[in-house]
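K.L.:
This is the structure, below, for whatever I ask next.
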Amino acid sequence: MNHSYRCWAEIDLEALRSNLAWIRHRAGRGVQIMTVVKADAYGHGLKQICSSLMQGGTDWFGVANLSEAAVVHGVGSGWPVLLLSSSLPEEVDEVIRSGIRATVSSLAEAKAYSRASVVLQRTSRIHIKIDTGMGRLGTVHGDAMKLIKAASRLPGIEIEGVFTHFSSVEDDPDWTAIQLQRFEEIVGGLNSIGVAIPVVHAANSGGLIHESSARYNLIRPGLLTYGVVPEGRRPLKPDIGKQIQPVLSWKCRVSLVKTLAKESRISYGGTFVAPRKIKVAILTAGYGDGYSRVGSDRKVVLIRGQRCRVLGRITMDQVIVDVSRLKGISPGEEAVLIGRQGQQQISVSDVANWRGTIPWEVFTGITCRVPRIYKGGTAA
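Adding 234 to a residue's 1-based position in the sequence shown gives its number in the working numbering.
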């Protein structure tokens with residue numbers, strides 16, 4: 235541990251590549267992997283994660299914006315990149331020049347790419363998104379064949395892919411089956427309109443786990459890559475959690491230890507009142523680091539392998555925890571917000587549940603003042 239850090243995240247690149255290998259095995263032969271690296275690779279550090287995934291053998295990258303695509307291309311140029319969001323009108327030329335694959339949800343978007351491609355004398359490789367029940371991006375499934383047929387006739391356009399996105403795959407198998415049926419009707423009907431589309435994809439992390447028929451020839455894992463199994467109401471096979479390894483651990487340090495008298499009010503608003511004489515430790519983390527004050531009264535941290543309760547409201551830079559059971563604790567000791575210490579572990583899902591949110595939000599909410607420390611391989 236580097237003692238200059240007050241609050242930091244450790245990123246295990248060996249675990250990352252191990253997860254990628256498990257995903258490839260699970261997907262089966264002939265299925266390529268598009269690793270989703272939106273939002274700074276889910277808060278893990280885009281440049282370093284992409285470098286490690288390239289070493290590990292991913293086939294594609296999925297991003298949310300052009301700046302993320304530029305980072306991927308800066309790390310390595312041999313991997314196709316799909317812009318999973320709609321491009322803004324002023325971004326179309328740059329998407330084409332950079333060779334980024336574009337998500338297209340309407341004929342108007344397809345025509346915009348066609349016009350720009352003709353002017354630039356370049357081909358636009360597009361992936362047409364089908365809204366089968368998410369209500370977000372994508373052409374409504376009933377209009378999909380019309381869009382595909384029209385787009386296929388536009389100059390400068392190559393329809394490289396067609397895809398959809400599940401809204402509730404971890405929770406609702408019946409609705410997911412409806413989405414799959416709608417998508418399959420479109421994929422199965424392409425021959426009837428004389429259009430061949432080489433890349434077909436639907437499965438995210440949850441789809442890979444729960445829907446074997448949704449793998450087609452490309453999958454888009456996100457959360458699984460970072461070592462978290464997406465949870466919902468659908469049961470999971472117990473072996474899955476054992477084979478996926480958490481990539482990120484989040485740690486801080488003890489800065490002060492003090493004793494407070496019975497009935498002492500703790501933190502802003504005095505929401506916690508000590509029921510007895512109590513020993514507390516002040517930790518060097520807070521909501522300024524992304525450790526949200528929401529759910530403060532439900533959170534615990536690990537110190538010396540023991541679960542220590544958070545007392546009162548988490549503040550911008552500090553957390554107060556109960557260390558009454560720990561003897562001789564002193565400033566400088568390590569505290570774990572997410573990760574393992576001794577025989578105890580706090581998962582990102584635990585933290586998300588305490589906050590009433592999801593692991594994706596916890597990861598992407600870890601702020602830029604928290605340095606990411608990489609281990610287990612060479613990072614860019």
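Just so you know, even glycine gets a beta-carbon here, dropped at the ideal spot from N, CA and C.
Note that the structure is predicted; figures quoted are calculated from it, not measured.
Does DSSP put Ile-373 in a helix, a strand or coil?
P.N.:
The sequence given here has Thr at residue 373, not Ile. Of the three classes helix, strand and coil, the one that applies to Thr-373 here is strand, per DSSP.
K.L.:
Rounded to whole angstroms, what's the CA-CA distance from Thr-292 to Ser-286? Just pull it up for me.
P.N.:
Their backbone Cα atoms lie some 9 Å apart in a straight line.
K.L.:
Taking the C-alpha atoms as reference points, what is the distance between Trp-242 and Ala-342?
P.N.:
Approximately 45 Å, taken between the alpha carbons.
K.L.:
Compare the C-alpha of Gly-632 against each of Ile-512, Arg-527, Val-488 and name the closest.
P.N.:
Residue numbering for the chain in the displayed model covers 235 to 614; residue 632 lies beyond these limits and cannot be assessed.
K.L.:
Report yes or no: do the segment 370-388 and the segment 435-447 share at least 3 C-beta pairs separated by less than 8 Å?
P.N.:
Verdict: no, contact absent.
K.L.:
Can you tell me the Cβ-Cβ gap for Leu-470 and Ile-443, rounded? I've got them flagged as a contact below 8 Å.
P.N.:
Indeed, because the Cβ distance is near 7 Å, the residues count as touching under 8 Å.
K.L.:
Let me know if Lys-476 comes out buried or exposed under the rule of 16 or more other beta-carbons within 10 Å of its beta-carbon.
P.N.:
That one is exposed.
K.L.:
So, is Met-268 buried or exposed, given that buried needs 16 or more other C-beta atoms within 10 angstroms?
P.N.:
With 16 or more Cβ atoms within 10 Å of its Cβ, Met-268 is classed as buried.
K.L.:
Using CA atoms only, rank isn't needed, just tell me which of Arg-240, Ala-249, Ser-238 is closest to Val-621.
P.N.:
The structure shown does not extend to residue 621, since the chain is modelled only from 235 through 614, so no value can be given for it.
K.L.:
Within a Cβ cutoff of 8 Å, which residues of the same chain sit near Gln-578, ignoring the five residues on either side of it in sequence?
P.N.:
Taken in chain order, the residues that qualify are Leu-536, Gly-539, Gln-540, Arg-541.
K.L.:
From Arg-260 to Tyr-460, what does the alpha carbon distance come to, in whole angstroms?
P.N.:
Spanning the two alpha carbons is a distance of roughly 16 Å.
K.L.:
Between Ala-614 and Ile-412, what straight-line distance do the alpha-carbon atoms span, to the nearest angstrom?
P.N.:
Summary for Ala-614: the model assigns pLDDT 46, below 50, so the residue's position carries little reliability, and this model does not support an answer.
K.L.:
Return yes when the Cβ of Glu-324 is within less than 8 Å of the Cβ of Leu-300, no when it is not.
P.N.:
Cβ atoms of Leu-300 and Glu-324: not closer than 8 Å.
K.L.:
Might you give, ordered along the chain, the residues of its own chain that have their beta carbon closer than 8 Å to the beta carbon of Ile-474, omitting 5 neighbours on each side?
P.N.:
The residues are Ile-443, Val-463.
K.L.:
Pull the bridge partners of Ala-569 from the DSSP assignment, please.
P.N.:
Cys-486, Ile-537, per the DSSP bridge assignment.
K.L.:
Cutting at 6 Å between CB atoms, please list the residues of its own chain near Leu-457, excluding the five before and the five after it.
P.N.:
So the qualifying residues of the chain are Ser-439, Pro-464.
K.L.:
Have a look at Leu-659 and Ala-273 and give me their C-alpha separation to the nearest angstrom.
P.N.:
The question about residue 659 has no answer, for the chain in this structure spans 235 to 614.
K.L.:
Going by CA-CA distance only, name the one from Glu-567, Lys-511, Ile-420 that's closest to Gly-376.
P.N.:
Per the Cα distances, Ile-420.
K.L.:
Report the CB separation of Ala-298 from Leu-318 in whole angstroms; it is logged as a contact under 8 Å.
P.N.:
Between Leu-318 and Ala-298 the Cβ distance is about 6 Å, and since that is below 8 Å, they are a contact.
K.L.:
Should Cys-284 be labelled buried (16 or more other beta-carbon atoms within 10 Å of its own) or exposed?
P.N.:
Counting Cβ neighbours within 10 Å, Cys-284 comes out buried, since at least 16 surround it.
K.L.:
Between the C-alpha atoms of Val-352 and Gly-390, what's the straight-line distance to the nearest angstrom?
P.N.:
Cα-Cα distance, rounded: 6 Å.
K.L.:
Beta strand (DSSP E) containing Phe-397: first to last residue?
P.N.:
Start and end: 391-397.
K.L.:
Ile-364 and Val-396 look like a contact to me (Cβ under 8 Å); what is the Cβ gap, rounded to whole Å?
P.N.:
Yes, Ile-364 and Val-396 are in contact; Cβ-Cβ is about 7 Å, under 8 Å.
K.L.:
Rank Ala-430, Gly-566, Asp-246, Arg-499 by C-alpha distance to the C-alpha of Arg-234 and give the top, closest one.
P.N.:
Not covered by the structure: residue 234. The range shown for the chain is 235 to 614.
K.L.:
Are the CB atoms of Leu-414 and Ser-447 within a distance shorter than 8 Å?
P.N.:
Their beta carbons are under 8 Å apart, which means Ser-447 touches Leu-414 by this criterion.
K.L.:
Considering only residues of the segment 309-369, which uninterrupted alpha helix (DSSP H) runs meet the minimum length of 4 residues and lie entirely inside it, listed in chain order?
P.N.:
Counting only runs of 4 or more, we get 326-332, 341-354.
K.L.:
Sorted by chain position, which residues of the same chain lie with C-beta nearer than 8 Å to Glu-253's C-beta, five sequence neighbours on each side aside?
P.N.:
The amino acid occupying residue 253 in the given sequence is Asn; Glu does not appear at that position. Here the set comprises Leu-458, Thr-459, Tyr-460, Gly-461, Ile-478, Gln-479, Val-481.
K.L.:
For Met-550, which residues from the same chain have a beta carbon less than 7 Å from its beta carbon, with the 5 sequence-adjacent residues on both sides left out?
P.N.:
These residues qualify, in order along the chain: Gly-520, Tyr-521, Gly-522.
K.L.:
Would you report the Cα separation of Ile-563 and Val-338, rounded to the nearest angstrom?
P.N.:
Rounded to the nearest angstrom, the two C-alpha atoms are 57 Å apart.
K.L.:
Within a Cβ cutoff of 6 Å, which residues of the same chain sit near Gly-573, ignoring the five residues on either side of it in sequence?
P.N.:
If we look at Gly-573 and ignore the five residues flanking it on each side, its Cβ neighbours are Ser-483.
K.L.:
Should Leu-322 go down as buried or exposed, given a rule of 16 or more other Cβ atoms within 10 Å for buried?
P.N.:
Classification for Leu-322: exposed.
K.L.:
Along the chain, where does the beta strand (DSSP E) containing Asp-556 start, and where does it finish?
P.N.:
Where Asp-556 is concerned, the enclosing beta strand (DSSP E) stretches over 553-556.
K.L.:
So, using beta-carbon positions, are Ile-600 and Gly-524 closer together than 8 Å?
P.N.:
Yes.
K.L.:
Report the partner residues of Gln-577 according to the DSSP bridge assignment.
P.N.:
Per DSSP, none; premise fails for Gln-577.
K.L.:
For a test of the three-state rule: what should DSSP assign to Ile-420, helix, strand or coil?
P.N.:
The answer is helix: DSSP assigns Ile-420 an H, G or I state.
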